Each structure stands twice: as structure tokens, then as C-alpha cells.
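Novice: Residue numbers (this note's numbering), protein chains in the order written: chain A, 1 to 564; chain B, 565 to 1242; chain C, 1243 to 1500; chain D, 1501 to 1639.
Ideal Cβ placement from N, Cα and C applies to all residues, glycine included.
Note that the structure is a prediction, hence the values are computed from the model and not measured.
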Amino acid sequence: MLRIGVFVCHCGHNIASAVDVDEVVEFARKLPGVVYAGQNLYSCSQEGLGSIKKSIEDNDLNRVVVAACTPRTHEPLFRRACEQAGINKYLFEFVNIREHCSWIHAKEPEAATGKAKKLVAMGVAKASLLEPQEEGESAVIPRAVVIGAGISGLAAAASLLDQGIETHIIESKNCVGGLLREVAVIGPEDIDSRNLINSLEKRLTSSPKAHLHLNSRVKEVKGFVGNFEVTIAKGDEDITVQAGAIIVATGTREFQPAGEYGFDEYPAVITQLELERRLAKSDFAASRMAIINCAGSRQPGREYCSRVCCNASLKNALRILDKNPDAQVTILHRDIMSCGAAAEELYRRASERGVRFVRYGLEKRPQVHAKENGVVLEAFDETLDETIDLDLDLLILATPLVPPEDSVETGKHLKVPRDKYGFFLEAHVKLRPVEFATDGVFVCGSARWPVSARECIWQGQAAAAKASIPISEGKVRIEAITAEVDPDRCAACGNCVLACPYEAIEIVEHLDTMAAKVNEAQCKGCGTCVAACHNDAIQQKGFSSRQLGAMIDALIRTATEGTQ
Amino acid sequence: MPVDYILTTCPYCGTGCNFFLQVADGRAVGVVPCKTDETSAGSLCIKGYNAHAFVNHSDRLTHPMIREGDQLSKATWEEALQRIASEMKRISDEHGPDAIMVLASAKCTNEENYLIQKVARAAIGTNNVDHCARLCHASTVAGLLQSFGSGAMTNTIPEFENADCILVTGSNTLEAHPLIGTRILKARDKGAKVIVVDPRDTPLSRVATISMRQESGSDVAWINGMINIIISEKLHDEEFIAARTTGFDELREIVKNYTPERVKSLTGIPEDDLVSAAKMYASADKAMIAYAMGITQHSNGTNLVRALANLAMVTGNVGRESTGVNPLRGQCNVQGACDAGALPNLYPGYQSVEDAETRSKFEHAWNRKLSEKKGMALTNAFDKALTGEVKAMLIFGENPMMSDPDIGHVERAISKLEFMAVIDIFPTETVKLADVVLPAACYAEKNGTFTATDRAVRAVRKAVDPPGDARPDWQIACDLGRLLAGDGFDFASPEQVLAEMAAVAPIYGGIDYERIEEEMVRWPCPSKDHPGTKVLHTESFKIGKGVFAPIEHTPPAEETSDEYPLILTTGRNLFQFHTGTMTRRSAKLQREAAGPYVEINTEDARRLGIIDDASVRITSRRGTITLAARVTQWIRPGTIFIPFHYAEAAANRLTNNALDPTAQIPEYKVCAARLEKA
Amino acid sequence: MRLAFEERGADYLLAIKEAHGQAAPVLLRKGDDAGTMRFDVPYQMTMILTNISRFIKEGRIAVVARRCDERAIAELVKRDLLNHDNLVVIGLACSEEQIRECRCTDPCPSSADIGHCAAPAKEDQAASSIQSMPLPDRLDYWIDQFRKCNKCFGCTLNCPVCFCDDCLLEEKTFTPEKGIPPGLAFHLIRAVHLADKCVECGECERSCPSDIPLLALRKMVNQDMKRMFNYTSGDPERRSPLLTTLEGDPMEDDGDAC
Amino acid sequence: MSEFNPNILAFCCNWCSYAGADLAGVNRLQMPPNVNVVRVMCSASVKPEYVFKAISQGIDGVLVLGCHIGDCHYLTGNHRTAKRIPLTAKILEKVGIDPRRVQLDWVSAAEGEKFQQVVTQFVDDIRSLGPNPMKEVRF
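So this is what it looks like as C-alpha cells:
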């Protein structure tokens, strides 16, 4: 006997501002099989989860439908609540009425409410056909792979090694340290970056469990959490490493602003990293300089703030003044983002020491004109509301950090998503930081977003901590979404065998005839075979054709019979 | 040979399709249609394709059983046959032979039905033999005998394809006689007009030229209305009427009162539709009428059949190809069971038991003195069991505990019997109440002939052995005949039985196995050199002139009331057959239509707050059943429909056993009922 | 047709012979009396062969096969549903009348052991006239045709390349109609199931008691398969493009919305 | 008769297009409320049968969204989608249903805006096609 409970979430105003939650609850109550329908202000809060658990027990529910946000982030939470209340977690169904409804139909409350009802009806229809599932288990290879030996990758590797986990580090260059190697000191505390890199490198070289592959690239990645197979191309040689987890620490690179502000045209126009390089030399001689912040960022096509540049400009202005106290340094900025006490102190010191701050806007961008041994910068100062001309020996462009060229490749190898700028997308910024949606693959440092060296280290350590969980547990659970054959229905036509991207299906003898069989450990639960099967002999757990068919029926029914 | 293809005749409806049973390792494993068969032409319906499925079912009865207290216990054939014979003799001695009722079976072959009626008449000495034709086409036999002189389909199945107009009423042809239905579709595709009159929108009505939904039980009104329109539009065939019929003037007088307006008030059929339909039917060169239970199963069933005969004769649509009045018989051999004399008033070949000359012919042939008294109809037998006049029943392959109206009444009647023996292939609801049970062979396990609804005599061939100790009914009948009467039952094969039947039934006179093996012969076929008859009444009617019957509309026996506001009608669906004994044991058929349901109009459902698949309770004056609602626009508001296949919610717990006075057929098609949420 | 046994070394011969005045399928062994053989009645021999092969585990079966049977056999062999080594194919050339009935464009068996190859038909008039209808008319046309369906499953049961015992169309999941006719999805699902295997034998149309022009529908879909994937069913070498990656079968872009 | 409000079914793969839809939500990208998403693990698991069922029963349009070719979480799962769904639309055309009622597109997890565009465009397309004629057909 079906006893479905439906819980509709307000998500504060996030849902309730567009969707009439009361109405949806009333509607849900009348759906077939529903014995309880209620609402929560925040279903995911302790209180919300507690009330769901209590309702399960009070109403003897055997199926739970939560209409709230996205299953991609919150499903585990509610599944756990179901388990705690004594229901198999696969008897839970998530309906997304926030990302897929209230947020995208914010101005049409009536339509949003109608759609929420449809989605709830579909969810309830599927829930009524859900079946409890047992999860399989699979062993985890106690080894990790870190891609990238920049500061993030080094921090991650060092942390893994500290935990005694054998770690392979793949670095495309011939040395470790990545982008940080080109920066002498790290602001705002003026930390010597060489020392930092060396100390981390030492922790690698001192460990017998570390395997550093320089001049190497990832060629292919197969497998799944606990059981990856990474092929490394090292020169002409291919090395295959079996690993339980992979950390992506592929870092970032500095944007080369071809054609902007006279870059490539005038030798006096350089990027900030070039400035770092020149400052590292003893013969640094320029005295009239300007730094343009946000050169190539926060503008159409690259809208993001690169986060590290403001501090770098401040730090470098001060370093210039340290070398040449008479130097005239102007920072052209759009906003100075120097968050935190240490960075704010940097800004104060720069102001005190005469660094001139000029605020410019995108409408009247600074113009660069030719001049012997330098350039003339014509800038419109928004604060003074007038145009100023600066005679410069050097013009430094603080350009944003962008993903490395090979991040496309890396993303494809690992089947992990990237955002529109090419940075990797983690599963959820708040709920699942440093994790990809793909189990067993993690991300840290500037591969996911431009961050400071300090944050790189934090994230490297965080990713290592996450990666060590399956490795130290020694096994992972296989989500029960694998395919299953009904051998009595199967005609052994081999469609599924051919369609499976993982070669996880074979035809075997069954009683006196033949039938397909799914190797559960190899099955990743994509359902490609399901669509290839002509007589529904193969079904994906949790996505059976009856369940999806019932969702379609529910959608049709609510459309024809109305949502009252 | 490891795999064989045995040509045989389908055991379901009366269309008489031939197909090949695929036999492998001694089991029936599949069905292949026969491409050269005139009737099926290489097609079958879903039941035909699954006709092998029940044969191997584990529920088959495999050994005789005798009741000991509450239990049926395994017995030998010797013990079981002896037990039946001694009980029959005892009851006959104590109460006379008319205290015994014998039920033959439309599922048995011609030969078996012949033998069963012979057991009743010659071995027991009673004309109390009947079979389920009583429940389906008794009114056809009675009505068409009176109008035309022959109670069978006037034309043949293939002729449907060449008709110009086909009027279908009270027949859900595409579901109940699929391959006749598809012949009608072929005619439609060639341009023929199809008129369907039915309280439900049937699959056929949805592709018909005109579809009219009459109120159940109002059929005389619309038929008379059509005749009235035809006469007033001068579309009647005066020449035909004058030359070939009698009684036209009385008919004309009667139908005058059936104006389109009045017909609308009686039936609900819009005037325009009725006029169009009448003109369409009357102006076609070749117009056929096909009908089934929707006409016959009424307390005025005989009159309804005669009204249709009137309609055909008025327009001269009798006696030519692709015309006529065509009752669609619903069982593989219900036609043959009637032909073979499994009727209380007729000997084999429709010869009256009350006619002295005929009787003496049979007495001579069978070497016995025969009862002069007309026997009892099946539907009366249960009444008589309640009153104690009937003490014993011998039932071959029938399941009255499902098939008869008002099952509660049947159950009470059976409990009054002193003795009941049942011969069947499965443990039916009736078998469970029997004193002696004999396991029979099914169609795939014996030789014989079935006569299709269009009078075609078709061979049934043995493909596999019966399960366990089961035996063909013809052998059982012979064994019982020998035990009860001694001689007259020494047949070595069905072939010999048919030879004897041909000798006493002139319509079968020229039919023998040699011919059946190679050709399709339709009776009447009086002699070996006669080719058989496709179209009846070509030159003259069997009774000389066709008789018009002036019929007035009468309301059904039971009308709706506040307490029972809905009209309940019953029928078949495509996937199940009759009491479900065979089809519900065929996995694929069962899956298509697994459980009992009631069709209710969308409007009625909304009013009653019933949603699709909801559980509902239906109550009539006789009983209550609970089943699932099927909400549909295909049925008239105010009418509900229940298929009668499902024992767990048997429609016949509700139906009315009001009988047609002539044919004693019950009014299955109309009773008053109430529907509520369960 | 003793050439099956003597020349080609078969143990059984599947053919059609005259029995009880009808053309009947028959399985013969060497030395059996064949009676009168019939080659004029187009039984679906592959379908019968497949059923028989379930029960005959040993020995080679010779089958009188038309060109479409050859192609159907190829589809089944590809899927390991028939073993080619156990078959002896005796080619039967179709008569002109049969070619006309099937609008067959590929009527000649690889070896015409019986009969003579006649010229193929040019195009399917039925299919082209349906194709030329505007969409709403076409839908009306098909609805009228599909309304005649009484769900006998003859089109699947007699189909040489419909190999499932339990058919999806028997379930209510995708074809929820209770009773008959089944809805549009019934016929669409069959169309997609057959897209990569229909050999245009025409048996679905022939065995349809309601004369639904199913062969025309099959031909139209097959044309699409040809256009989109350059695929023709019955090719023993090529696997279904619907199951393989794009590398195996790059798609022809025919400028459609998708 | 009120204004035609299409009832549309969309299948989104868990990894790319469902995430893209989520992203559209996070970014509050507004779009017409006619599209109802069913989450599947991979677009390759979308049986043509679902599409046929939906269209036969009167759903006005079916949108199938997956990862871009090459980005499929399941390696080459969506290669099958790329062939199956266009064929599905073609078959519908054969019986007189406008093939534009079934569309396939690729939306990555980062393409919230593309999701918005695809949905908006599809709803516009369906609006211009009008209601699914199967709604009026009683078989």
C-alpha cells in the first residue's frame, strides 16, 4: 500500500515568493497515493529535516517526495534523512521547484505555481513506482593522482603523502611550482615564494610514496571512483597509473592582452608578470610607471574579477618604491579590491608612499600614445572628472588569470564541466567545494577560479582531505542506478551490448536460452542500453520506463484535468 | 518430425478461421495463419494467434474426480463413468428421464454434440438437452426460422467485403468477431457505407459512416423507424415484397407510428442520423445486416430479430450475394451445436421433436422409442432445479456458474440438485460444484468438425495428445451412451459419427470427411454432388414466402429507477473469451485485459466523483460486485458496460434472468443498476 | 527440390506444400514425401525458420527463401539469433505479381534456384502519395488507418526481424490505451524498432486483417535511415547506426531542426 | 478558448543539461514556464518510446538536452542520442506530426544562458506550431 509524503519547501522567499506553497500542498494532498502533504520554511535545515523525519514516522510513510531545490546538491541530505527515519533512501524523490521553477519564473507567480504542481505530480507519479535498492560496493585503489605541480598541486600532494597515500604528480613543465615560480614574493605578507615552493617540493622528494612525473601530460583517463586508470604521456613513453582518486590542480596562466593598451606594439607596455621578472633583476631602472588594473577583465567577454591582481599591483608598486624611492607610480583602477586587514594595510602604505590612484571607467578607457623610450598615457580620471596625461617609462597591465590552454583536454579526459570562461566547475560552491559532480575527482586552486597562493594551499589541502576519504575507507558505494536485465524478457538481440559505452554487458546462457547480463561493477548507470532495448528487458534502477512513463502520464493528466 | 504444422479451426468465436498449430516436441507451441484459407486469408486476431497458449496450461484437468464430502478426489475412468451412469439410471428410475438435464457445448465438435444429444434422447430418453446457444442466439434461431425458415446466417463472411452498405447493430464486431469486423473495414475502404447502431461507441463505430447510439432496449423503435422512412421515401423494393413476402400491409401500418421524432424520444437517436441511415441502407444495391447479442439478448429478442428481417425484406436485401440478415455466432461451434440438435425442441438438422413423422424417422434410425415431449431450455432448467423437477445435470463443457444470468440463482439451483457431472478441460466455477468431473480433450487434441457462423463445416485436427488421462468428449459420450443404453454408441471415429448425422440431418446430407479434408462446404448440402450453399433463400425462402412480422416497441423487462438509475449492459472485450476459462489462461491475452472493469461515461463519472481505475461497487436487484472503473467517452451517458469474462466480479451476478417468451433467451443486455465508490 | 538434401547437404527442408487444399508450411527430412510444392504463396519463411530453429538444435535446415528472407536472415545472423552455418538457403525469385504487391526494389536472391528474376519495382506509389500530403492531411490519413487496428499483433508475430517473445507493445507503459484500437504510439514504436532492421518483406501489411499500409510506412522510415545514416537493413556487414558512436557512423546533416 | 499554453516535456541529462538548467536558475535567467524537466542520467537513455508516448497523448513538444558531443559524462552515450532523437522526429513526420515538436540540443553545465535560449526558442517554436493535433484525436 502506497503511503507517500510530499514536503514542499519555501526555501525562505526563494520558492515562496513565486510559488504559492499552500496551493501546491493542497494539490499534492489529492494526488493518488499521497497520505501526507506538508511544507517547510527551509526543508534542508535541521528543523526541516527533523519535521520530515517525524512525519515519516507519524504517518507511516513509505515514499517521500521533497519539492525544493536541485537533487544535484541536496539529494544526499534528504536521502540520509529518509534512511534515518527507516526508509530505504531510494524511496525518496526530489522535485526541483526552485532552480527549475521559482527562480526562472519569478515574475509569473501563477504560472510558476501551476508548473510546480505539474512537477510535483510528476514526482509523485515516479515515487509511487520507486523500489528500494541495495547499493553495491567496489574496492578503492589506495593511490591518488594529482594533475599539476603548482602550489595547489604541491600542497595537495604533500597533504596526501602526509596521510601515507601513494601519490603520482603529473606536471607538464620541467619543474614544480607553476605560476608562482614567476613571482618572487607573495603579498601582502611578503612571503618568499621560492622558499614556499622548495619546502613543499622537499616533502615530495623525501617521500618514497611520491612519484613526480615532469614534462608529462594526461593522455587518457578511464574508470570511476576508486578505480581510475590514468595514462600519462611522458615524452615518448606512456605510463599507466591505477588510482582511487584524482585531484585537478592544473592552475592558471596570465592573460596576454594582445592589442590592448599598446601591448605588443610598444616595448614599454608589459604585463604584471613581466614586471615581476624585471623586479627580480638587480638592474630595474624605470622611474615613471603606471599600472592599469582590470586590463582585459571585467569587460564584455571576460566579465569576472581575477581577484589577485589588485593586491599584486599594490605589492609591486611598493616593491618599485623600495627599489627607487623617487619613482612615480600611478595605479589606474576601477575599484581597488584589497580585502582583509593585511591587504588593506598594503593599500594604506601605498597611498602614504605617494602611489597615485586614478579611477577610470570603461566608457573612457585610458589611451596609449607613442613616445620615445616610453609611452604617454591619456586617462580620464573619474574622480577629478578630467583628462590627465602621464609620461611613462613603463606601463604595466594587470591582466586577469585565465585557464591554461589544455584545460579543455583535461576536462574531456575527466568528463568534468568547465564554466564559460574555461575554469572548472565544482559540484556546488557551498555544499561540495573542491569536489566535482563526478565522484572521486576533485579540484583545487586557480584551476577552478583565480585565487591567491594562500588559498591555493588551503584548497590543495581540502582536496587532499576529500580525496583521502574513499581511499582510507577502502571502498565506495555504487549508486543504485545501474542497469538490470530481466532475462526472461530478454531476446538476446545484443542491442544493449553494442550500445553500452563501457562494454559492461554480455550475452550469457540463461536457463536453456541466451540473455544479456550487466556487469554491475562496470555499469556506470547511463541508461544507453535501456533506450536500445526493444522490449524493456533492461531497466535502469531509479529510472525505469514505468517510472518515467508515469511521469509523462502525470504531466498529461495535470494538463488535461487541470491542477486544481 | 520435430516440428509440424497442423491445419485446424480456431476454438474461439464462430468466424471459423483456419490456422496451423505449430507443434514441437509433442506440444502446441505456436500459431501460424493460413494464407490460402478463404475465411481468414492469412490473418488472425489476437485470440487466434494465442490459441495454443491454454492448451499446455498446468490447470488442465488430467484425471477423473469424484466428490467425497467437500473434496473432489482422483478416480479411475471406470469408477467415474460408472458413477455417472448409475446416478442417471437411479434418478431416471425414481423421477423419470425428464428429471435429467443434459447440457451440450458450443465448444465441442459437431460429432460430439450429435452424440451428446443422442445420449440425452436415445440413452436417457429425454429431450432435455440444450446448450449455450440458448444464451446467445436462441432468438435468432426462433426469429429467423419464423421469418425466413432458416435460423442461420443468410450469407457468408467473404461477402461482407463486397457489400455496398453494411448495417451493424448489437455487434462489437471488431472485438467479438475480429476477422468479420475487418472484412467490414475492407468493404469500407472500397467505398461501402457502414452504419453502426450500438449504445457504445465500438471500435467499428469509430470508423463507420454513421454511428448511432440508441438507448439499450429500444431497438424495435429505430428499426421500425428506418422501415417507416424507407417506405415513405418510396425506397422499398415493391417487386421483391410482392413476389417473395407476405404481411407487408400489417407491417406498414405498424411502422407508420414510428416517426423520426418518436424514435428520437424512444431511442435518443437524432432524427437526421436515422433518416440518413435509412436512405443509405435502402438505396444501396447490396446491403447486409450483421448483428449479435445486442439484438438477441433481450426479453423481446425474437421480435428484434424479426424486425431486422423485416428491414432486409422491405428493401429486397435477401437472397443475393452480399445482402441478407447475418447473425454473428459467437462460439467456434455454436452453429454446429444447433445444427447437431443440441436443442430441446429440435433434432439434428432443425427437425422438430414434436413432429411425429420426424420422430419416427429418428426412432427408426436410433432404434429407440423417443420422447414426444419438447425438452427444457437451459434457462428454465435452473428454475426447475429449484422447484425439484430437475434432479440431475450432465454438463459437457459449459460453465453456467459464470455464463448464466443471475448467478446467485444458478448457485442455489445447483445446490438443490441430487447429482451433477461436469466434463471440462479446466476447473471452472461449475466444475468446483460437481459430483463427478471428467477431464476432456481440447480442440487441439481431437479430430472433428466445427460449423462456422456462415455454415461452413470446417475440420478440427488433432495436433497433440490430451494431457494425462483426458479424453475427447466424443469418446466420453460414447462410453456413457454404451453404459446407459447398450447399443448405438459404437463409433470408432468422429468420421463415423458425422456419417450417421449426415444420414439423419438432410442439411448435412452431402457432407463427409473426404470433402471436408479438401474443401470448404457450407450447409445446406443435401447430397454428395451438391456444392454446398453460400447464399440462402436465393429463389424462394425455405418456408416459401418471407413473413413480415408487425412488431411493436416494448420497454425492457427492467427499467431504471431512483435506486437503480443506470442501465447495465454486458458483452465481450477483444482479448478475453466468454467465461475466461481459456483466455485467462493465455498469458498474453490475460495481460491485455487482466481484470474486471466497468465502462462508465466521462460525464457520469465526473458527477459521481469517480476517476479512472478507481474501485467501484455495482449493485442490481440481484447482487453486487466490486471492480475497477474505466472512464470513457465511448459509452452513452446513463449506461454502463461490464465485460462478462471475470469470475472475481462476474457481471452475471447482476444481470436479469427475464426471458424472451419464444426463445427463452435472457435479457443480458439490459438491467438496472447503481454504481458507487467502493 | 531434392537439391537441398543431395547437393547442399541439408538435414531438413523448410518449404510450402499443398495440404488439405491449402498451402501449408512443412518441415521435411530426406526421403519424406513432399507432395506438391507451392512457391506461389508468400509465407514469411524467416519467421517460420526462426521458430523452428528453437526446436532443432542439430542439423542443417534448408529454407526456400526470397531475397527479403536472405536479408532478414542477415539481420538475425548479425545478432546471433540464427546461426548461418546451420542454414542452407535455396533462393526463390519473386514473381512479377509479388514484386508488384511488395513494390519491391530488391527482388532477386543471390542465387535464383527457383524461378527467374523479374525487374524490380521503381517506387512505392503508396508511400510517395502519403509523403506528398501536407502534414495535417497525412496525420488524418494515418489516424483513419490506425483506427482500423485491432491489435492482433500479426505485424509483429509474422515479422521476420521482430524477435522478442514478450513485446513492449503488450505493456501499458507506452501504449496505455485499454482495448482497441491502440493509439498512435503503438505504430510509431514499431516503426522505430524496425528502423534498423526492416527488410521490406511486406508481411506486416499482408497479414494485417485491416489492410493498414504498414509496408509504406516501413519504406518511408527506411528511406530516412538511408538518407540520415546511409544505412540499409539486411546488409550482413553493417551494424545498426543507432547503436554505435558517431565515429562509426557520422551523421549526414540534412538540415533538419535537430 | 484561452491562449495556447504549450505543455512541454524536456529530458535533461544529469551531468550537463540538468546542471545547466540549475545554473540558469541560480542566475535567475527568466524563461517561459512551459517546459517541464525530467532528469535522466544520460540523454542516451531517452527512449524514443517516451517521445512517441508523449506526443501521441498530446504533449505539445519534447525537448531532449544532453552534453555536447565529446563532453558526455558517459564517454559516447550522447552519440546514440544524436542519432536516435532526429530519427524519432523523422518518424513522427512520416505520420503527419511536425518534426519540430521534437528537438535535440546540447547544453553544458556552464551554459545556463544557452539553456534559457533553447527553452525560450523551443517554446516559441511550439507556439508557432500551435497545439499538438493529437490532443483532439480520439482513437
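Would you say Lys1635 (chain D) lies against chain C (beta-carbon separation less than 8 Å)?
Specialist: Judged by the 8 Å Cβ criterion, Lys1635 (chain D) is not in contact with chain C.
Novice: Relative to the alpha-carbon of Cys1391 (chain C), which residue among B:Gly580, B:Cys609, B:His1101, B:Leu625 has its alpha-carbon at the smallest distance?
Specialist: If we check each option's Cα against that of Cys1391 (chain C), B:Cys609 comes out closest.
Novice: For Ile505 (chain A), does the three-state DSSP call read helix, strand or coil?
Specialist: If DSSP states are grouped into helix, strand and coil, Ile505 (chain A) belongs with the strands.
Novice: List the residues of chain C whose Cβ lies closer than 8 Å to the Cβ of Leu498 (chain A), in chain order.
Specialist: The answer, in chain order, is Arg1481, Ser1482, Leu1485, Thr1486.
Novice: Please return the same chain residues whose Cβ sits closer than 8 Å to the Cβ of Val345 (chain A), not counting the five positions on each side in sequence.
Specialist: It is worth fixing the name first, because residue 345 (chain A) is Glu in this sequence and not Val. Correct list, in chain order: Pro188.
Novice: Under 8 Å, Cβ to Cβ, is there at least one residue of chain C near Val33 (chain A)?
Specialist: The question names Val, yet the displayed sequence has Gly at residue 33 (chain A). No, its Cβ sits nowhere closer than 8 Å to a Cβ of chain C.
Novice: Ile1294 (chain C) to Val567 (chain B), Cα distance in whole Å?
Specialist: The alpha-carbon atoms of Ile1294 (chain C) and Val567 (chain B) are separated by roughly 7 Å.
Novice: Closer than 8 Å, CB to CB, is Cys523 (chain A) near chain C or not?
Specialist: Judged by the 8 Å Cβ criterion, Cys523 (chain A) is not in contact with chain C.
Novice: Determine whether the beta carbon atoms of Gln1367 (chain C) and Pro1455 (chain C) lie at a separation below 8 Å.
Specialist: Cβ distance not < 8 Å, so Gln1367 (chain C) and Pro1455 (chain C) don't count as in contact.
Novice: Could you spell out the range, first to last residue, of the alpha helix (DSSP H) harbouring Arg1469 (chain C)?
Specialist: It spans 1456 to 1471 - the alpha helix (DSSP H) in which Arg1469 (chain C) sits, taken as one unbroken run.
Novice: State yes or no: is the beta carbon of Ile610 (chain B) nearer than 8 Å to at least one beta carbon in chain C?
Specialist: Chain C contact via Cβ: present.
Novice: Could you name each continuous alpha helix (DSSP H) segment of 4 residues or more that falls completely within the region 617 to 675 of chain B, going from the start of the chain to the end?
Specialist: The qualifying runs are 641 to 659.
Novice: So, does the region 1434 to 1442 of chain C touch the region 1299 to 1317 of chain C, judging by three or more C-beta pairs under 8 Å?
Specialist: At 8 Å Cβ cutoff, the stretches touch.
Novice: If we count the other Cβ atoms within 10 Å of its Cβ and call it buried at 16 or more, is Val248 (chain A) buried or exposed?
Specialist: So Val248 (chain A) counts as buried.
Novice: What is the DSSP secondary structure of Ala492 (chain A), counted as helix, strand or coil?
Specialist: Ala492 (chain A) falls in the coil class under three-state DSSP.
Novice: Check the C-beta distance from Gln242 (chain A) over to Ile141 (chain A) and give it rounded, since I have them as a contact under 8 Å.
Specialist: Contact flag correct, Cβ pair sits at about 5 Å.
Novice: Counting contacts by CB-CB distance shorter than 8 Å, is Pro208 (chain A) in contact with chain D?
Specialist: No - not a single Cβ of chain D is within 8 Å of the one on Pro208 (chain A).
Novice: Does the beta-carbon of Thr252 (chain A) have 16 or more other beta-carbons within 10 angstroms, so that it is buried, or is it exposed?
Specialist: Buried: at least 16 other Cβ atoms inside 10 Å.
Novice: Jot down the residue ranges of each uninterrupted alpha helix (DSSP H) in the region 1319 to 1355 of chain C, minimum 4 residues, whole runs only, in chain order.
Specialist: As far as the region 1319 to 1355 of chain C is concerned, its whole alpha helix (DSSP H) runs of at least 4 residues are 1338 to 1344.
Novice: Any beta carbon of chain A sitting closer than 8 Å to that of Thr1415 (chain C)?
Specialist: Interface residue, yes.
Novice: Alpha helix (DSSP H) containing Trp458 (chain A): first to last residue?
Specialist: Its alpha helix (DSSP H) spans residues 453 to 473.
Novice: Are the Cβ atoms of Asp192 (chain A) and Ala286 (chain A) separated by less than 8 Å?
Specialist: Not in contact: Asp192 (chain A) and Ala286 (chain A) (Cβ atoms no closer than 8 Å).
Novice: Measuring only the C-alpha atoms, how far is Ile438 (chain A) from Lys415 (chain A)?
Specialist: The residue asked about is misnamed: residue 438 (chain A) is Thr in this sequence, not Ile. Each residue's Cα considered, the two are about 8 Å apart.
Novice: With respect to the beta strand (DSSP E) encompassing Asn227 (chain A), which residues constitute its N-terminal and C-terminal limits?
Specialist: Per DSSP, Asn227 (chain A) belongs to the beta strand (DSSP E) from 227 to 234.
Novice: Among the residues of its own chain, which have a CB less than 7 Å from the CB of Asp1571 (chain D), if the five just before and after it don't count?
Specialist: So the qualifying residues of the chain are Cys1516, Ser1608.
Novice: Sort A:Glu382, A:Gly301, A:Gly525, A:Gln163 by Cα distance to Ser472 (chain A) and report the nearest one.
Specialist: Minimum Cα distance to Ser472 (chain A) is reached at A:Gln163.
Novice: Which residues in the same chain as Lys1152 (chain B) place their Cβ atom closer than 6 Å to its Cβ, once the five residues preceding and following it in sequence are excluded?
Specialist: Hits under 6 Å: Asn614.
Novice: Apart from the five residues on each side of it in sequence, which residues of its chain come closer than 7 Å, Cβ to Cβ, to Leu1629 (chain D)?
Specialist: Within the same chain, Leu1629 (chain D) has close Cβ partners Asp1598, Arg1600, Arg1601.
Novice: Could you spell out where the beta strand (DSSP E) holding Asp391 (chain A) opens and where it closes?
Specialist: Residues 386 to 392.
Novice: Return the CA-CA distance between Ala756 (chain B) and Asp836 (chain B), expressed in angstroms with no decimal places.
Specialist: The alpha-carbon atoms of Ala756 (chain B) and Asp836 (chain B) are separated by roughly 20 Å.
Novice: At least one CB of chain D closer than 8 Å to the CB of His10 (chain A): is that the case?
Specialist: Not one chain D Cβ lies under 8 Å of His10 (chain A).
Novice: Near Asn1464 (chain C), which residues of its chain fall below 8 Å by C-beta distance, leaving aside the five closest residues on each side in sequence?
Specialist: Once the five neighbours on either side are set aside, the close Cβ partners of Asn1464 (chain C) are Ala1437, Cys1440, Glu1442, Thr1474, Ser1475.
Novice: If you count every other CB in all the chains shown that lies within 10 Å of the CB of Leu384 (chain A), and 16 or more means buried, which is it?
Specialist: By the neighbour-count rule (16 or more Cβ atoms within 10 Å), Leu384 (chain A) is not buried but exposed.
Novice: By DSSP, does Met1146 (chain B) sit in helix, in strand, or in coil?
Specialist: Coil.
Novice: Output yes if chain A places a C-beta closer than 8 Å to the C-beta of Pro1631 (chain D); else output no.
Specialist: Not an interface residue.
Novice: May I ask you to list the residues that DSSP assigns as paired with Met957 (chain B)?
Specialist: Note: Met957 (chain B) sits in a beta bridge opposite B:Met665, B:Met984.
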